[in-house]
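The structure appears right after this line, and notes come after that.
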Amino acid sequence: MSGEPDQATAASRPVRVLIVDDHPIWREGAARYLAEAGFTIAGTAGDGAQALRISAATRPDVVLLDLNLPDQGGDEVTRGLLAAHPSLHVLMLSASGARQDVLDCVTAGAVGYVLKSAQLTELVAAVRSASVGQPVFTSELAGLVLGEYRRLAGPGGATAPAVSGRRSAMERSPAPQLTDRETEVLRLVAKGLTYPQISERLTLSTRTVQNHVGNTLTKLQLHNKAQLVRYAMENGVD
Amino acid sequence: MAAQMWRVVSIYRVITLVYAAVLIIRDSGSYAHPAGGWAVLAIMTAWTGVTVAEYRRPAGREAWVIATDLCVAAALIISTRWIETAARVSAGAPTIPSAWAAAPVLACAVAGGPWAGLASGLLISVADLAEHPALPAGSTFSGTVLLLIAGGVSGYLVRLGLRAEAEIERAARLDAAARERERLARGIHDSVLQILALVSSRGGALGGEAAELGRLAGEQEAALRALLADESQPDLPPGLLDVRSLVEPFADARITVSCPATPVLLPAVTATGLSGAVTAALDNVVRHAGPDARAWVLVEDEGWQVRVSVRDDGAGFKDGRLAEAADEGRLGVSHSIVGRLREVGGTACLTSTPELGTEVELRVGRT
């Protein structure tokens, strides 16, 4: 993961968070709570365009990004943020947990997502993991990622149809595959086991379990990026 | 639609005017009063111009214009009596306006429907009969019948067409209204969801009575989220069910449901059997793993089979204690799960690890 050098300084330097949400109550509430928990609030934004501007000015470590913004889709904002500042980490915040949207954002490069109804302690833990580039894997997300690998491996998407036309047009490069170990780890995450529990059951180190989980996400993101580049070239987009 | 029908009436009138003109030019030599024939042609041409202009705009389609239209046609038919020779009229010569006289009948039918069409057809027929000095020959009778049919049938067709058009318009309006309502509902649902999520997460942090409020808000939040997830589903092929939409509603503060992003389709009977087994497995969790135990449901679509795992974080038990588990009634429940699945051609398997809870894995093959 890209967060290695950060980890050493994490204790000394407070993590800077940009909160992007179109609901003022949520935005203010999350800002207050995260500030209480010891994070520095780099700024708040109400839509995607504002988020891009403010993140350019304030250079946050983590962008806590609402999935449903009025102007752009969460995946678009994620891509925009990461293109401008590859070192920042995007953590999605979602009220609805709309599966395809969550998956789109994660394949676009977000390190994970948290439901808005999560306990605040969970939110704090998630922002902390995100700040060092550690994927924030809920069991729901593990289920989605498992499903996505199977869809990509299947003929035109396992047995189920691809959701959007854009996807099916893009899927021609070899599908990424999970190793047996990765599948095993993901399935355990999806069944609610914690990393220490998984490392105990599989007799692996917690670090190795984390790496396996991280790899599953990285492979999907790389595949997605390659597909976008291919799509852009085939359609003459610079 | 109405405008198009009026255009058809005008087209009919112009075509029949040309036809009448050809007849007048051909026959004027044998008329008793050829000048009368030319006068009628002039009137027909002028009146055609007036009605084409009038009927083009809705304001011109007034009752008195249409009535005048009928009277002009009737008068021109009767004028045949003086213009033609009696011998030719008796021999069945066409009237001077000939088929042109049916144009006002069509106009009546378009304006007033089948009965108006029929009545105007009758009026023109009466004029046809009045034109003859004696009882007419068979050909005029069939002309009368044709006029009546034309008036009635075209009136009926026009009404039918207009009603179909109104129906389509109404359906489109309803559809637009439904979409607008849906859009509004989405906004409201989202706001409610945001607030419930906030109350649920803050309440938990505050503790005490607030925690209880938070828990209640959390339950409603999960229910609403499941409802919204279900609403956004596309139409399914007939006879198939999405396993996700059956399992999703189980999600609450203690039960986490993980699914793929794409539909997991199974025949309705199989899907219902599978979700029944999940219900039994979750009941099992509540009964044996304790009220505080959490549970995770994972739905996986492996193409050739669908796998649903239900895991709890209760105490669990060693495999060697299966007999003990059976005594506790735990195995009984698992038997009922196995039974349910066998009915739909699936298998169930129960595993337990001390400290790591109990897991039931349900598999159903796809044929």
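Chains A and B, in that order, give the protein sequences.
Counting in numbering that gives the first Met the number 0, the first sequence runs from 0 upward without gaps.
Counting in numbering that gives the first Met the number 0, the second sequence runs from 0 upward without gaps.
We treat Cβ as the ideally placed atom computed from N, Cα and C, and that holds for glycine.
- Task: Would you identify the three-state DSSP class for I254 of chain B, choosing helix, strand or coil?
- Result: strand
- Taking just the CA atoms, how far does R6 of chain B sit from T15 of chain B? 14 Å
- Any beta-carbon of chain B closer than 8 Å to the one on Q71 of chain A? no
- Query: Span of the beta strand (DSSP E) holding V14 of chain A?
  - Reply: No beta strand (DSSP E) contains V14 of chain A, which DSSP labels as neither H nor E.
- Could you check what DSSP says for S95 of chain A in three-state terms: helix, strand or coil? coil
- Message: Would H211 of chain A pass as an interface residue toward chain C - the criterion being a Cβ-Cβ separation below 8 Å?
- Response: Absent from the structure: chain C. Protein chains present are A and B.
- Near D74 of chain A, which residues of its chain fall below 7 Å by C-beta distance, leaving aside the five closest residues on each side in sequence? D103, C104, A107
- Any C-beta of chain B under 8 Å from that of H22 of chain A: Yes, contact with chain B.
- Task: Hey, could you find the ends of the alpha helix (DSSP H) L22 of chain B is sitting in?
- Result: 1-26
- Cα separation between Q99 of chain A and L66 of chain A? Q99 of chain A and L66 of chain A: Cα-Cα distance of roughly 11 Å.
- Query: Are V228 of chain A and L185 of chain A closer than 8 Å when you measure CB to CB?
  - Reply: no
- Message: Does chain A have any CB closer than 8 Å to the CB of G186 of chain B?
- Response: no
- Message: Can you look up T261 of chain B in the DSSP assignment and give me helix, strand or coil?
- Response: coil
- Measuring only between beta-carbons, confirm whether E358 of chain B sits less than 8 Å from chain A. Between E358 of chain B and chain A, the shortest Cβ-Cβ separation is below 8 Å.
- CA-CA distance, A252 of chain B and D179 of chain A? 31 Å
- Quick one: what does DSSP say T50 of chain B is sitting in, helix, strand or coil? helix
- Query: For A347 of chain B, does the three-state DSSP call read helix, strand or coil?
  - Reply: Residue state, collapsed to three classes: strand.
- For G111 of chain A, the nearest candidate out of A:S198, A:T217, A:L192 (CA to CA): That would be A:T217, whose Cα lies nearest to the Cα of G111 of chain A.
- Message: When you compare the CB positions of L273 of chain B and G142 of chain A, do they come within less than 8 Å of one another, or not?
- Response: no
- Message: Taking 8 Å as the threshold (C-beta atoms), are V309 of chain B and V337 of chain B in contact?
- Response: no
- Item | Selection from B:L197, B:I167, B:V305 that minimises the alpha carbon distance to A210 of chain B | B:L197
- Using the beta-carbon of each residue, which ones in chain B are nearer than 7 Å to S99 of chain A? Sequence check: residue 99 of chain A is Gln here, not Ser. One finds A260 in chain B with Cβ atoms closer than 7 Å to the Cβ of Q99 of chain A, taken in chain order.
- Message: Quick check on the DSSP output: the alpha helix (DSSP H) that includes T207 of chain A runs from which residue to which?
- Response: First-last of the alpha helix (DSSP H) with T207 of chain A: 205-233.
- Contacts around G112 of chain B, its chain only, beta-carbon distance under 6 Å, and the 5 residues preceding and following it disregarded: G154, R158
- Query: From S335 of chain B to A314 of chain B, what distance separates their C-alpha atoms?
  - Reply: Straight-line spacing of the CA atoms in S335 of chain B and A314 of chain B works out to 22 Å.
- Query: Quick one: is R182 of chain B near chain A, going by C-beta distance under 8 Å?
  - Reply: no
- Task: Would you give the residue range spanned by the alpha helix (DSSP H) that Y30 of chain B belongs to?
- Result: Segment: none, Y30 of chain B is in no alpha helix (DSSP H) and carries neither H nor E.
- Item | C-beta neighbour in chain B for R149 of chain A, strict 8 Å | yes
- Message: Could you tell me the alpha carbon to alpha carbon distance between Y54 of chain B and E179 of chain B, rounded to whole angstroms?
- Response: Here the alpha carbon of Y54 of chain B sits roughly 38 Å from the alpha carbon of E179 of chain B.
- Message: Taking 8 Å as the threshold (beta carbon to beta carbon), is G45 of chain A in contact with chain B?
- Response: no
- Of all Cβ atoms in chain A, is any one closer than 8 Å to the Cβ of T269 of chain B? no
- Within the stretch 29-112 of chain B, ranges of the alpha helix (DSSP H) (whole runs, at least 4 residues): Listed in chain order, the complete alpha helix (DSSP H) runs (minimum 4 residues) inside the stretch 29-112 of chain B are 33-55, 62-82, 85-89, 102-111.
- Spatial neighbours of V256 of chain B in its chain, beta-carbon cut-off 7 Å, leaving aside the 5 residues before and after: V246, E247, F249, A250, V296
- Write down the C-beta distance between L147 of chain B and L117 of chain B rounded to the nearest angstrom, noting that I regard them as a contact closer than 8 Å. 6 Å
- Compare the C-alpha of A2 of chain B against each of B:V191, B:W46, B:A58 and name the closest. B:A58
- At a Cβ cut of 8 Å, what residues of the stretch 232-246 of chain B count as close to chain A, listed as they run along the chain? none
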